[in-house]
Amino acid sequence: MDIIKKNREFQLIFEKGHSIQGKYLVVYFLRNSYGINRFGVCAGKKLGTAVRRNYAKRLLREAIRGVSFAEEGWDLLLVAKNPILKASFCSIIEEIEHILFKVGLLALKKEGAAEDSR
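In my numbering, the protein residues as written are 70 to 187.
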């Protein structure tokens, strides 16, 4: 999974992508032509100081790392909302998985398989 860093790519996803809101974050998604999944993370100034924004971005980066995708070729943009600062890490992971399941990008885990440690 690659990281989206360029401002124009962020803007393209904001403008042309679809979004789904959750309690802790908003996920923007847009099909890309690269054949791999890429993601970007951002946190606005409404979250507070740079320390809080960076903490929220670290949480989101770590949470998306363990997700197994059903499809390749998507750009995802995770935008942190204010309640993320008080949320547990497990609830953030659950919300990301729930949103990706609604979109159809989450690969379902096989029953009986051992869950990975988080």
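The beta-carbon is built from N, C-alpha and C at its ideal position, and this holds for glycine as well.
Counting C-beta atoms within 10 angstroms of its own C-beta, Y103 has fewer than 16 neighbours from the protein chains shown and is therefore classed as exposed. The C-alpha of A112 is placed about 14 Å away from the C-alpha of N76. Around K115, the same chain offers N151 as residues with beta carbons nearer than 7 Å, after the five sequence neighbours per side are excluded. Within the model, the alpha-carbon separation for E84 versus G117 is close to 25 Å.
Residue pairing of L99 in beta bridges, as defined by DSSP: D144.
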